[in-house]
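> Once you've had a glance at the structure underneath, I'll fire off some questions.
There are 2 protein chains.
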Amino acid sequence: MIISDGNPRIKLVRSLASSHGRKKSGLYFIEGAKLIEEAIKANEDILFIVYSSDFGDSTLLKLIIDRDIDNFSVLPDVFVNIADTATPQGVLAVLKQQQRDWHEIMMLEHCLLLVLDAVQDPGNVGTMIRTADAMGFSAVIAGRGTADQYNPKVLRAAMGSSFHMPVYNDVPLPEALTELMERVSVLAAVPRGGIDIDEAPLADRTAIIIGNEARGISDKVMDNAAYTVSIGMPGRAESLNASIAAGIIMYEISRRWYSTN
Amino acid sequence: MIISDGNPRIKLVRSLASSHGRKKSGLYFIEGAKLIEEAIKANEDILFIVYSSDFGDSTLLKLIIDRDIDNFSVLPDVFVNIADTATPQGVLAVLKQQQRDWHEIMMLEHCLLLVLDAVQDPGNVGTMIRTADAMGFSAVIAGRGTADQYNPKVLRAAMGSSFHMPVYNDVPLPEALTELMERVSVLAAVPRGGIDIDEAPLADRTAIIIGNEARGISDKVMDNAAYTVSIGMPGRAESLNASIAAGIIMYEISRRWYSTN
Chain A
87 MIISDGNPRI KLVRSLASSH GRKKSGLYFI EGAKLIEEAI KANEDILFIV YSSDFGDSTL
147 LKLIIDRDID NFSVLPDVFV NIADTATPQG VLAVLKQQQR DWHEIMMLEH CLLLVLDAVQ
207 DPGNVGTMIR TADAMGFSAV IAGRGTADQY NPKVLRAAMG SSFHMPVYND VPLPEALTEL
267 MERVSVLAAV PRGGIDIDEA PLADRTAIII GNEARGISDK VMDNAAYTVS IGMPGRAESL
327 NASIAAGIIM YEISRRWYST N
Chain B
87 MIISDGNPRI KLVRSLASSH GRKKSGLYFI EGAKLIEEAI KANEDILFIV YSSDFGDSTL
147 LKLIIDRDID NFSVLPDVFV NIADTATPQG VLAVLKQQQR DWHEIMMLEH CLLLVLDAVQ
207 DPGNVGTMIR TADAMGFSAV IAGRGTADQY NPKVLRAAMG SSFHMPVYND VPLPEALTEL
267 MERVSVLAAV PRGGIDIDEA PLADRTAIII GNEARGISDK VMDNAAYTVS IGMPGRAESL
327 NASIAAGIIM YEISRRWYST N
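Heads up: the protein sequence lines correspond to chains A and B, in order. In the numbering used here, each number is its position in the first sequence, counted from 1, plus 86. In the numbering used here, each number is its position in the second sequence, counted from 1, plus 86.
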């Protein structure tokens, strides 16, 4: 059992709380029994698991031993210091990040793509990844300035979806979309004034861009959209919460796309 | 200027942070210039406004004086102690709660109703009120056990929608739905196995029940639903975030209902 905060592996976990630390090492961590179980089942590349000495979920511990995953326990006080959550569940895993090249997307014959242009709130990004996964989207293209996929808050909101939804990170959107546009019908979501989302033209390969919570989609990214689309709102509220708007748009695209594809 | 924490009005504001204090006085408070401006424009019954002596929004202060609303300033240290937000904007208003009788609903000829069965998270309740407002719903029926409409977190997530969307609080759902069912088509949202929401039968008067985040809709409430409905999910995620699911369901009902009503 590790009892010191100064242990190199404890220091490593702590460094993964920052975006800089994650980028430097190519690693990240997840917390909680449910998420770790999903990561194991999805055959994610787990380096090691840390649990608090008072952690009591024997099903997970058995799974860790069965799969021969490197693991060690620490004192509860040490665990609290490395956990990201306010009331930690007492177990976390350090994983290798997936390295993906967005050019892969060009190979897809049929696809629904979610493109995030500097969506900043980690909860929103995580929720959008989870919704995209539920709605049968093929991939998420996270443009530069979007909250990091491996941010603990993004991972929590995404639930297990981070393990089955390919997310392309830090993509230079104007360049990528210029290439994509040749093969993909690119729609851009705007709060009002676009084509009603239930009437927007869909193609075998369709992408939808969601913009920053405050500023919307940047001009350079917007230049690469074929159509702007909006949600019809018969009521009085001026706008929707960003995740809700993205959720409704993905639902409507998915509903229509899957009825013909 | 009030400089003491012990001032009766300061004590009153502090009591409104708790559900018990709000129930006892029939009052509540809202924070921030934007929300207060919307409350003034919606002619809400504002008892008084408290601002921090370093508050600098002269447009709002002018509006407060123009409308002859009772107001006073406090030292910044006093303000921080009564504010609900971590980084307060320096202004809050105390308002009278709306007293509504859910039997009013029986008078509506055409209506879309959102029914909340013990939805617990204040952020979810506020977001659902905001979405219902955007989607042209007529009213929200908040069953017992649902987060209080006047909880500061609910009010923040609802944005200005609390001022135009009638919300019926603390409604005894089984009894109310038994009466409503005679005039309203009641649908119940379930994670899977219900009729696809884009095919569910809609009537001139339609209500949709959303259940508790963990337990779903209680049996006694479910007994009063004519149909269960679900969102078609072609993807892999097992479920959606509760607010997202409610948002998609309200969107789909609204889209179809407004095309015929």
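The beta carbon of each residue, even a glycine, is placed where N, CA and C say it ideally should be. Note that the structure is a prediction, hence the values are computed from the model and not measured.
In its own chain, which residues sit with a C-beta less than 8 Å from the C-beta of R230 of chain B, not counting the 5 before and 5 after it?
Around R230 of chain B: A204, D256, V257, P258, L259.
> Can you give the beta carbon distance from G209 of chain B to A172 of chain B, rounded, assuming they're within the 8 Å contact cut?
Rounded, the Cβ-Cβ distance is 15 Å, inconsistent with contact.
> Quick check: is the beta carbon of A289 of chain A nearer than 8 Å to any beta carbon in chain B?
no
> Strictly below 7 Å CB to CB, what residues from chain D border S271 of chain B?
Note that chain D does not occur in the displayed structure, where the protein chains are A and B.
> Just the chain A side, please: which residues come within less than 8 Å of L326 of chain B by C-beta, in chain order?
Residues of chain A passing the Cβ test: R216, T217, A220, G333.
> Going by CA-CA distance only, name the one from A:G212, A:V160, A:L198 that's closest to Y344 of chain A.
A:L198
> Just to check my reading of the structure: N310 of chain B and M245 of chain B have Cβ atoms closer than 8 Å, yes? What is that Cβ distance to the nearest angstrom?
That belief does not hold up - the Cβ atoms of N310 of chain B and M245 of chain B are roughly 31 Å apart, past 8 Å.
> Starting from S329 of chain A, find everything on chain B with Cβ-Cβ shorter than 9 Å and list it in chain order.
T213, N327, S329, I330, G333
> For A128 of chain B, is the classification buried or exposed, using 16 other Cβ atoms within 10 angstroms of its Cβ as the cut-off for buried?
By the 10 Å Cβ count, A128 of chain B comes out exposed.
> Got a sec: which bits of the segment 187 to 212 of chain B sit with their beta carbon under 7 Å from any beta carbon on chain A, in order along the chain?
Going along the segment 187 to 212 of chain B in chain order, one finds no residue with a Cβ nearer than 7 Å to chain A.
> Between M319 of chain A and chain B, is the shortest Cβ-Cβ distance under 8 Å, so that the two count as touching?
yes
> By Cβ distance, which residues of its chain are closer than 7 Å to V211 of chain A, with the 5 residues on each side in sequence left out?
L202, V205, T232, A233, V240
> Along the beta strand (DSSP E) that carries L263 of chain B, what are the first and last residues, could you check?
Unbroken run through L263 of chain B is the alpha helix (DSSP H), 259 to 266; no beta strand (DSSP E).
> May I have a chain-ordered list of the beta strand (DSSP E) segments no shorter than 3 residues that lie completely inside the segment 269 to 344 of chain B?
271 to 275, 291 to 296, 313 to 316
> Look up I151 of chain B in the DSSP assignment and say whether it is helix, strand or coil.
helix
> Can the beta-carbon of V253 of chain A be found closer than 8 Å to that of V226 of chain A?
yes
> For V226 of chain A, name the three-state secondary structure that DSSP assigns.
strand
> Applying a beta-carbon distance threshold of less than 7 Å, which residues of chain A neighbour R322 of chain B?
D219, H250
> Would you mind listing the alpha helix (DSSP H) stretches within the segment 103 to 149 of chain B that are 4+ residues and don't spill past its ends, in chain order?
Every alpha helix (DSSP H) of 4 residues or more that sits fully in the segment 103 to 149 of chain B is shown, in chain order, as 105 to 111, 119 to 127.
> Using a Cβ-Cβ cut-off of less than 8 Å, list which residues of the segment 231 to 249 of chain B approach chain A; keep chain order.
The segment 231 to 249 of chain B vs chain A, Cβ under 8 Å: A243, M245, G246, S247.
> What does the Cβ neighbour count give for P124 of chain A, buried or exposed, with the cut at 16 atoms within 10 Å?
Before going on, a small fix: residue 124 of chain A reads as Glu here, not Pro. Flag for E124 of chain A reads buried.
> How would you call E366 of chain A, buried or exposed, if buried means at least 16 neighbouring beta carbons within 10 angstroms?
Lying outside 87 to 347, the shown extent of chain A, residue 366 of chain A is not represented and no answer is given.
> Do S159 of chain A and S144 of chain A count as a contact pair if the criterion is CB distance below 8 Å?
no
> Where does S159 of chain B fall in DSSP's three states?
strand
> Whose C-beta lies closer than 6 Å to the C-beta of D284 of chain B among residues of the same chain, with five residues either side of it excluded?
E338
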